[in-house]
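K.L.:
Below: one structure in structure tokens.
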Amino acid sequence: MTRRSKELGSLLAGLESVISSAMREEPLGGTISDVFRALRTPTDRRPEHRPERLPACEGVADAISRARSGNPEIAEIADTFEKIEPLLSWRRRAGSETAEDPAFHDGHANALIIGPNGLEERADIWIGVSLMSPNVQYPVHRHPPEEIYVVLSPGEWKKGDEPWHVPGIGGLVHNPPGTIHSMRSANAPLLAFWLLWSESRISL
């Protein structure tokens with residue numbers, strides 16, 4: 000039987016608690032409880048998984064420190080993430096060298112925690128984390144799967160025709176399937192977890 004590390008189990012439990020609490024105030028999708036139910040069964044990690052860092056990762060300690068100023072639940076998530084971050088394989092978004100914002104290429108990093116090349120391998124559910132250096136905007140994009148961000152830093156989010164808004168540390172951002180969306184950092188690093196669920200190919 001595949002065993003999950005204590006740290007990864009704690010991180011997933013913390014994210015589930017934050018999202019479930021928000022669901023009591025605003026519906027975020029009827030399948031989210033099924034997603035976390037499925038996640039209670041660990042999967043294997045691929046042997047070729049190797050930790051890797053990018054230039055933007057220089058800001059991860061600052062981002063984690065700022066996240067600790069959130070509520071106790073978010074602070075605990077930040078503490079747990081600090082323990083597993085060195086195990087992650089950070090990657091750039093495909094095509095980042097041609098992004099409209101020239102600072103984006105070296106100013107961002109994405110890592111899958113659950114999903115392809117993650118700490119646990121699976122195709123139906125992806126849980127990852129995005130990190131951006133100060134004053135960087137993520138390219139506007141969309142994807143078929145529904146998505147939820149758990150925000151651990153200052154920063155702004157935008158979806159569809161809605162104006163930019165600040166969820167705040169501990170805030171949630173919900174993107175229905177196919178919604179055009181983006182995010183941008185201000186004068187501090189941006190750090191956020193995201194959850195997508197789908198059997199189709201997902202592009203970050």
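Residue 203 is where the sequence shown ends in numbering that gives the first Met the number 0, and the numbering goes up by one at each step. Every residue gets a Cβ at the ideal spot worked out from N, C-alpha and C, and that includes glycine.
1. One question on the structure: do Y148 and S181 come within less than 8 Å of each other, judged by their Cβ atoms?
2. N116: which of E51, D100, P162 and G177 sits nearest, CA to CA?
3. Thinking C-alpha only, which one of E146, R90 and S184 is nearest P54?
4. Would you mind working out which of P143, G154, F35 and R92 sits nearest P175, comparing C-alpha positions?
5. I'd like the span of the alpha helix (DSSP H) that includes S80, first residue to last.
6. Are the beta-carbon atoms of L151 and A77 separated by less than 8 Å?
7. Looking only at C-alpha atoms, which of I126, G159, I18 and L190 sits nearest to L38?
8. What residues in its chain sit with their C-beta under 8 Å from that of L7, if we drop five residues either side in the sequence?
9. Which same chain residues, not among the five before or five after I124, have their C-beta less than 8 Å away from its C-beta?
10. Please name the residue, chosen from T40, T42, S68 and E15, that lies closest to S32 on a Cα-to-Cα basis.
11. What do you get for H107, buried or exposed, if any count of 16 or more other CB atoms within 10 angstroms of its CB means buried?
12. Sorted by chain position, which residues of the same chain lie with C-beta nearer than 6 Å to T169's C-beta, five sequence neighbours on each side aside?
13. Whole angstroms is fine: what's the gap from G94's alpha carbon to H104's?
14. Is A191 closer than 8 Å to S129 when the C-beta atoms are compared?
15. Would you please state the rounded distance, in angstroms, between the beta carbons of V135 and D100? I believe it to be under 8 Å.
16. Please state if the CB of A102 and the CB of P153 are separated by a distance shorter than 8 Å.
17. Just to confirm the assignment, what range does the alpha helix (DSSP H) spanning S9 have?
P.N.:
Quick look at the numbers:
1. Reading the sequence shown from its first residue, position 149 is the one you call residue 148. Reading the sequence shown from its first residue, position 182 is the one you call residue 181. No; because the gap between Cβ atoms is not below 8 Å, this pair is not in contact.
2. The residue you call residue 116 lines up with position 117 of the sequence shown. Of E51, D100, P162 and G177, the residue nearest in Cα terms is E51.
3. Translated into positions along the sequence shown, residue 54 becomes position 55. Selected option, being the one with the closest Cα: R90.
4. Mapped onto the sequence shown, residue 175 falls at position 176. Closest option to P175, Cα to Cα, is P143.
5. Locating residue 80 in the sequence shown gives position 81, where the first residue counts as 1. In the sequence under discussion, the amino acid at residue 80 is Phe, which differs from the Ser named in the question. Element bounds for F80: P71 to I83.
6. Locating residue 151 in the sequence shown gives position 152, counting from the first residue. Locating residue 77 in the sequence shown gives position 78, counting from the first residue. Contact flag set, yes.
7. The residue labelled residue 38 in the question sits at position 39 within the sequence shown. The candidate whose alpha carbon is nearest that of L38 is I126.
8. As a first step, residue 7 is located in the sequence shown; it is residue number 8 there, counting from the start. Result list for L7: I83, I112, L118 and E119, in chain order.
9. As a working mapping, residue 124 is identified with position 125 in the sequence shown. Same-chain partners within the cutoff: V34, A37, L38, I113, G114, L194, L195 and W196.
10. Residue numbering aside, residue 32 sits at position 33 when the sequence shown is read from its first letter. Of the listed residues, the one whose Cα sits closest to S32 is E15.
11. Position 108 of the sequence shown, counted from the start, is the residue given in the question as residue 107. By the 10 Å Cβ count, H107 comes out buried.
12. Stepping through the sequence shown from its first residue, residue 169 is reached at position 170. Correcting the residue type first, residue 169 is Gly in the shown sequence and not Thr. Same-chain partners within the cutoff: G69, N70 and I73.
13. Reading the sequence shown from its first residue, position 95 is the one you call residue 94. Reading the sequence shown from its first residue, position 105 is the one you call residue 104. Roughly 9 Å between the two C-alpha positions.
14. Reading the sequence shown from its first residue, position 130 is the one you call residue 129. Reading the sequence shown from its first residue, position 192 is the one you call residue 191. Closer than 8 Å, so yes.
15. In the sequence shown, counting from the first residue as 1, residue 135 sits at position 136. In the sequence shown, counting from the first residue as 1, residue 100 sits at position 101. Correct: roughly 6 Å between the Cβ atoms.
16. Locating residue 153 in the sequence shown gives position 154, counting from the first residue. Locating residue 102 in the sequence shown gives position 103, counting from the first residue. In this structure, A102 does not lie closer than 8 Å to P153 by Cβ.
17. For the purposes of this step, residue 9 is taken as the residue at position 10 of the sequence shown. Here the alpha helix (DSSP H) through S9 covers K5 to M22.
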